[in-house]
Amino acid sequence: MEKHVLGLQLPTDPRWINIAEKNIEDILVDHAYCEQKAASSCISLIIMYPENENLVAMLTPVVAEEWSHFERVLEQLTKRGMRLGFPRKDDYVDQLQKISKKGGSRDQQLVEKLLLNALIEARSCERFRLLWKEIQDAELSKFYYELMVSEAGHYKNFCRWRNRLWMKNQWRNAGAKFFYRKVRL
Ligand SMILES: [Fe+2]
Ligand SMILES: [Fe+2]
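Basically our numbering = 1-based index in the sequence shown + 290.
Printed below as a string of structure tokens:
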């Protein structure tokens, strides 16, 4: 089987880049909100799991980093005379949330949330890679290269944490095996 970026099962349609290039304002606006949601999601995890000091320590700098990405996207919009506008519906995240397992222990819920975040990071990273390689605008190409590297780091972080918790729950409860059997990154 062909290997895709960060283990994603389906690659982005290669025609996406042509559409993206013709709609750079939409891409930048969607991107800005992706960064905002990434920061918000980490903040929510901190609020939900304050007792997990190591997790809080891992997430806190990610919040700052995601917010700095938001600022940088905003800068790119402003530079081009474009405006932020309102966020659009995010079908990808909505669909992922629907298939996310509900219930279970706090650790199991956290595993699901970390997996969701990892998948979102992986897709962002894959799209940024396409933009870096294909986009004609040299400044945006460089910008997307830097962000691709950063999001890949977040993806690895979330995977590492998710795998650590998953192992811990496997040891504690053999039944958890069934719960996570289908979850593979
Ligand atoms: Fe980011
Ligand atoms: Fe990220």
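Cβ coordinates follow ideal geometry from the N, Cα and C atoms, glycine included.
request  = Could you tell me whether the Cβ atoms of Tyr434 and Leu455 are closer together than 8 Å?
outcome  = Not a contact, by the Cβ cut-off of 8 Å.
request  = Consult DSSP for Ser390 and reduce its assignment to one of helix, strand or coil.
outcome  = Looking at Ser390 - three-state DSSP - the assignment turns out to be coil, as it is neither helix nor strand.
query = So does Ala354 have its beta carbon nearer than 7 Å to some heavy atom of ligand 1?
reply = False, no ligand heavy atom lies under 7 Å from that Cβ.
message = So, for Leu400: in the same chain, excluding its five sequence neighbours on each side, which residues have a beta-carbon less than 7 Å away from its beta-carbon?
response = Excluding residues within five positions, the ones whose Cβ falls inside 7 Å are Tyr339 and Leu455.
task = Could you check what DSSP says for Pro351 in three-state terms: helix, strand or coil?
result = Looking at Pro351 - three-state DSSP - the assignment turns out to be helix.
Near ligand 2: Ala328 beta-carbon under 7 Å from a heavy atom = The answer is yes for Ala328.
ask   = Is Leu404 helix, strand or coil when you go by DSSP?
value = Note: Leu404 maps to helix in three-state DSSP.
message = In whole angstroms, give me the CA-to-CA distance for Ala466 and Ser440.
response = Residue placement at Ala466 is poorly supported in this model, since its pLDDT is 45, which falls under 50; the coordinates still yield a value, given next. Approximately 32 Å between the Cα atoms of the pair.
inquiry  = If you reduce the DSSP assignment to three classes, tell me which class Asn313 lands in.
reply    = Looking at Asn313 - three-state DSSP - the assignment turns out to be coil, as it is neither helix nor strand.
task = Could you check how far apart the C-beta atoms of Phe448 and Glu411 are, in whole angstroms? I think they sit under 8 Å.
result = Going by Cβ atoms, the distance from Phe448 to Glu411 rounds to 6 Å, so yes, they are a contact pair.
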